[in-house]
Structures are given as structure tokens and as C-alpha cells.
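Quick note on my numbering: the sequence shown kicks off at 974 and runs consecutively.
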Amino acid sequence: MKSRYKKILVGIDGTKESDKAFYEAVEMAKDHEADLIIAWINTEMERNPAHKDMSDREQLIYDRKVSKKEAEAKSLGVRTVTPIVATGDPRKYLSKWLPKEHQIDLIILGATTKKVFANLLVGSTAKYVVEYATCPVLVIK
């Protein structure tokens, strides 16, 4: 049987909801023998406002978090894992830029965000991605 998904993108942010999405993405990547792209996109609000760009220290912290998830996915049986850490609008990264750049077949996200106040200001990342992504989106509660 031909695998439906070849490249799966999962957005993570350190919440338990994104952990659920991560584990679902790992299982789907294994089931479909798909590549897994793990993305942690820092919003402008998560960065230190005194710095325009992410500091080296902040970059290292997020790189380590994503590297741990990369190692975990590989230890659970995913053959190819690509980690991505970036700063910007996670809605656009996850719905448009990363899917286009990596030819994503499926996006998996957690249902909520860790920044409740920020969520009210910018809207739900998952809702935006569902609305604007050009590939299927699976939202995990």
C-alpha cells in the first residue's frame, strides 16, 4: 500500500498539548514511514523585548529542547527527523512557509497555546493553520 503521507510537520511549544501532538506525529510518521519535521516557532512576545533578534542564549535553549524531541522521535522509530527553531509568526510558519519549503503532506498541532493572553491578541495558531494551510491539518486535544 502506498503511504499517504511522506512528510509530517509537528509544531511544538513545550505545552502538554504540543507533547500530545508530538507523540501523535511520531506514531503517524512511523505508520506512514514518513519524514518528521519538528518546529518550535518563537513568537515576538516570547523573545526578550530588549533584543530585536533571538539571542544566542535563547537560541541554544530552544535548540536543546527541539534536539531532545528529535532524539526521542528517532529512539521511537522515526527514520528521518528534521528539527527547526525560528522566531516569527508561528501561524504563518506552520501554515505557509514550512509546508511550502519542505513539501509537507500533513500538519499536526496541539489544540491550545501556553500563552493565553497572547492567544487572545493574535488568535489561535491552530485555528489559523486549519484555515490557511494547503495540506491536511490534524489538531490534537
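All residues carry an ideal CB built from backbone N, CA and C; glycine is no exception.
If I follow the unbroken beta strand (DSSP E) through residue i, where does it start and stop?
i: Pro1109; result: Where Pro1109 is concerned, there is no enclosing beta strand (DSSP E), given that its DSSP letter is neither H nor E.
i: Leu1009; result: Asp1008 to Asn1015
i: Leu1049; result: Looking at the DSSP string, Leu1049 is not in any beta strand (DSSP E), and its letter there is neither H nor E.
i: Leu1079; result: Leu1079 to Gly1083
Compute the Euclidean distance between the alpha carbons of residue i and residue j, then round it to the nearest angstrom.
i: Ile1034; j: Ala1084; result: 24 angstroms
i: Ile1081; j: Glu997; result: 8 angstroms
i: Ala1046; j: Val999; result: 6 angstroms
i: Ile1014; j: Val983; result: 11 angstroms
i: Ile985; j: Ala994; result: 8 angstroms
i: Glu1104; j: Asp1029; result: 34 angstroms
i: Lys980; j: Val1051; result: 11 angstroms
i: Lys1069; j: Gly987; result: 22 angstroms
i: Arg1020; j: Lys1038; result: At Arg1020, the pLDDT of 49 sits below 50, so the modelled position is not reliable; the number obtained from the coordinates is stated separately. Taking the straight line joining both Cα atoms gives about 16 angstroms.
i: Tyr1101; j: Ala1044; result: 29 angstroms
i: Ile1077; j: Val1058; result: 17 angstroms
i: Ala1106; j: Ile1010; result: 16 angstroms
Would you identify the three-state DSSP class for residue i, choosing helix, strand or coil?
i: Ala1044; result: helix
i: Thr988; result: coil
i: Thr1060; result: strand
i: Lys979; result: coil
By a C-beta neighbour count over all protein chains shown, 10 Å radius and 16 as the cutoff for buried, is residue i buried or exposed?
i: Ser1048; result: exposed
i: Arg1064; result: buried
i: Glu1074; result: exposed
i: Asp1004; result: exposed
i: Ser991; result: buried
i: Lys1114; result: exposed
Grab the span of the alpha helix (DSSP H) containing residue i for me, first residue to last.
i: Leu1071; result: Leu1071 to His1075
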